[in-house]
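All remarks here apply to the structure that follows.
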Amino acid sequence: MNLRRTLLTSILVLVALAAGWWGRGILPGDQRADLAPSDLAADGPCPNGAAPLYWKAPMDPAYVRDAPGKSPMGMDLVPECPGSSAQASEGAVIVDAATVQNIGVRTAPVERRDLARSVRAVGRVAYNERRISHIHTKVQGWVEKLFVDFVGQEVERGQPLLEIYSPELVATQEELLLATRYRAATEDSPFEDVRGGGNSLFASTKQRLALWDVPARDIERLLETGNVKRTLTLYAPASGVITRLGVRSGMEVQPNSNLYTIADLSRVWVIADVYEFELPWLALGQLATVELSYLPGETMQGELTYIAPFLDPKTRTAEVRLELDNRDGKLKPEMFGNVVIAGAPRPGVLAIPSDAVIRSGTRTVAVVSLGEGRFEPRDIELGLDSGDGWLEVLSGLHEDEDVVVSSQFLIDSESNLQEARRKLLAPRERMLTPHESHSMPEAPTSREPDHSAMGKE
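The sequence shown: position 443 = 457 (my numbering), numbered continuously.
In structure tokens form, the structure reads like this:
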């Protein structure tokens, strides 16, 4: 009996609740769309009975009307109330938790970290210009014998290159022998000027041969033997490879003739072009590696020794130069290789992930998460790019703030749309404000005529 009474009571309660809910929903669903906003103020479409600012389409926030109605898609317009997402704060957006999850909003902290960048470029092996020697003769003559006669031939320091016959050289050797005999004849003279003249003539003639690059041993041999050497032998001033040959046997040569060019390949240069935005990461003395395609898996170490003080106007790049040891001869001029320069690290800079940055062409924006579903697009100024997904922040953000790294474009678009709405609705709100600040007069009450007095008459 008690069970039947309890069941009957529960059924009656459910029926009463359903009837109340159905009766409560008739007006909003069937009649509210036909009422003016002033008629809805008492029912409270907005919290605390506030009047809606405007009505918008649920699926198209750009479709805005002053009164309730239907959207182009046939859906009821929804009110935009004061204090909602559009009015939360200047430029801020409020997104409910379900939407945050649905659009996949993720955040990352603004933090201080060490930034470093590896600068990569294509390098070209070149001669070390500090190790190039040009061979000239200092007397006019004719080539009688050529010891080194092809480009690419390796030579050692002190190795004979060619022999030159020079009448001027022969005459100077004979003058030295005459000066030697004159000095010997005048060294016992009682007159100091005579003795000094013999010594001066000998010294000047000997010095002239030395200035013509006649080896000291050849001069001493001339003084000892008295035999004039018909030809002058030129020797290699440094070890290396002949890269230019400008002489042949029997040719007449002049002091301005470039006879040989010798390049020392024991140390070579690698020239690379670096873009201007990567230059702040470079400094002289930094280490670099070079990899050659014909030596897979093998890396060579070098040092950054030069950064050009100007850019190429066509490529907008600056030339940088590495110096590498090449005693094994693996690096050959005009080879190409991949260059990696370890940039100088920037310690403790304020940084954010590159995914958090929105670049519009005129602005650089990051969306900051303020908590509780509130987001604020904020203009920022960026510094260096580490190239591995992190950017230096110069201004606009603070440490320990959170920035959105996914779906931030949707939030920024909503913020821009709300800003446009505020600008469009600002004139209307200014016109409505004086009226809304005063209480509206009560409308006259409609009453039925009182016929009781007429009956008494």
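For glycine and all other residues, C-beta sits at the position ideal for the given N, C-alpha and C. Remember, predicted model here, so these are calculated numbers, not experimental data.
Reference residue i; option with closest CA among the options
i              : options                           : result
threonine 303  : Phe291, Ala332, Trp283 and Glu290 : Trp283
serine 85      : Lys70, Pro93 and Glu94            : Lys70
alanine 106    : Pro391, Asp414, Val354 and Arg373 : Pro391
leucine 236    : Ser203, Thr219 and Ala122         : Thr219
threonine 317  : Ile285, Leu306 and Phe389         : The sequence shown places glutamate at residue 317, rather than the threonine named in the question. With distances taken between Cα atoms, glutamate 317 lies closest to Ile285.
isoleucine 372 : Val382, Val363 and Asn340         : Val382
leucine 296    : Val407, Glu413 and Arg134         : Arg134
glutamine 315  : Ile146, Ala356, Lys328 and Pro294 : Ala356
aspartate 339  : Leu259, Cys60 and Arg145          : Arg145
alanine 65     : Met87, Glu201, Arg231 and Val92   : Val92
valine 208     : Arg222, Ala193 and Gln187         : Ala193
glutamate 312  : Thr319, Glu337 and Leu345         : Leu345
serine 280     : Tyr249, Leu301 and Arg341         : Arg341
valine 288     : Ile108, Thr378 and Pro327         : Pro327
glycine 410    : Trp404, Ala380 and Glu386         : Ala380
Residue-chain proximity (residue i, chain B), Cβ-Cβ < 8 angstroms
i             : result
threonine 319 : Of the chains in the structure shown, none is chain B; there is only one protein chain.
Presumed contact (8 angstroms Cβ cut-off) between residue i and residue j, rounded CB distance
i              : j             : result
threonine 247  : glutamate 177 : 5 angstroms
glutamate 290  : arginine 330  : 6 angstroms
glycine 254    : alanine 277   : 5 angstroms
proline 359    : aspartate 80  : Not really, about 59 angstroms apart at Cβ, beyond 8 angstroms.
tyrosine 274   : leucine 259   : 6 angstroms
valine 184     : valine 242    : 6 angstroms
glutamate 395  : leucine 364   : Not a contact, Cβ separation roughly 11 angstroms.
leucine 160    : serine 263    : 5 angstroms
threonine 376  : aspartate 393 : Going by Cβ atoms, the distance from threonine 376 to aspartate 393 rounds to 10 angstroms, so no, they are not a contact pair.
asparagine 124 : histidine 412 : Correcting the residue type first, residue 124 is valine in the shown sequence and not asparagine. Right, the Cβ-Cβ distance comes to about 7 angstroms (below 8 angstroms), so this counts as a contact.
valine 109     : serine 420    : 13 angstroms between Cβ atoms; not a contact.
Exposure label - residue i; buried when at least 16 CB within 10 Å
i                 : result
glycine 37        : Its pLDDT being 39, under 50, glycine 37 is placed unreliably by the model, and the measurement read from it follows with that caveat. Glycine 37 should be labelled exposed.
leucine 54        : Low local confidence applies: a pLDDT of 41 at leucine 54 is under 50, so the model's placement there is unreliable, with the coordinate-based value given in what follows. Leucine 54 comes out buried.
aspartate 416     : buried
alanine 199       : exposed
methionine 89     : exposed
arginine 131      : buried
proline 82        : buried
arginine 480      : Within the shown structure, residues of the chain are numbered from 15 to 471, placing residue 480 beyond reach of any answer.
isoleucine 149    : buried
leucine 94        : Strictly speaking, residue 94 in this sequence is glutamate, with leucine absent from that position. Classification of glutamate 94: buried, given that the 10 Å Cβ count is 16 or more.
isoleucine 256    : buried
alanine 112       : exposed
alanine 332       : buried
valine 165        : exposed
isoleucine 117    : exposed
alanine 56        : No answer about alanine 56 holds up, because its pLDDT of 44 lies below 50 and its placement is not dependable.
phenylalanine 205 : exposed
threonine 151     : buried
aspartate 44      : Its pLDDT being 40, under 50, aspartate 44 is placed unreliably by the model, and the measurement read from it follows with that caveat. It is exposed - the Cβ of aspartate 44 has fewer than 16 other Cβ atoms within 10 Å.
proline 59        : buried
glutamine 187     : buried
serine 374        : exposed
leucine 301       : exposed
leucine 67        : buried
alanine 230       : exposed
DSSP bridge partner residues for residue i (one or two, in chain order)
i              : result
leucine 345    : Answer is none; leucine 345 lacks a bridge partner.
threonine 331  : Tyr289
aspartate 90   : Lys84
asparagine 12  : No answer is possible for residue 12: the residues shown for the chain start at 15 and end at 471.
isoleucine 321 : Val334
histidine 148  : Thr275
methionine 314 : Val304
alanine 358    : For alanine 358, which the question treats as bridged, DSSP gives no partner whatsoever.
leucine 129    : Arg360
isoleucine 256 : Ile276
valine 165     : DSSP lists no partner for valine 165.
valine 381     : Pro391
glutamate 201  : Paired residues: none, contrary to the question.
aspartate 339  : Arg281
serine 409     : Glu395
With a cut-off of 8 angstroms, do at least 3 Cβ pairs link the stretch 124 to 139 to the stretch 336 to 350? yes
Give a yes or no on contact between the stretch 360 to 374 and the stretch 398 to 413, applying the rule of three or more CB pairs nearer than 8 angstroms. yes
Between the stretch 259 to 271 and the stretch 304 to 323, do three or more beta carbon pairs fall short of 8 angstroms? no
Contact between the stretch 153 to 160 and the stretch 170 to 186 (3+ Cβ pairs under 8 angstroms): yes
State whether the stretch 203 to 216 contacts the stretch 164 to 172, with contact taken as three or more CB pairs (one from each stretch) at a distance under 8 angstroms. no
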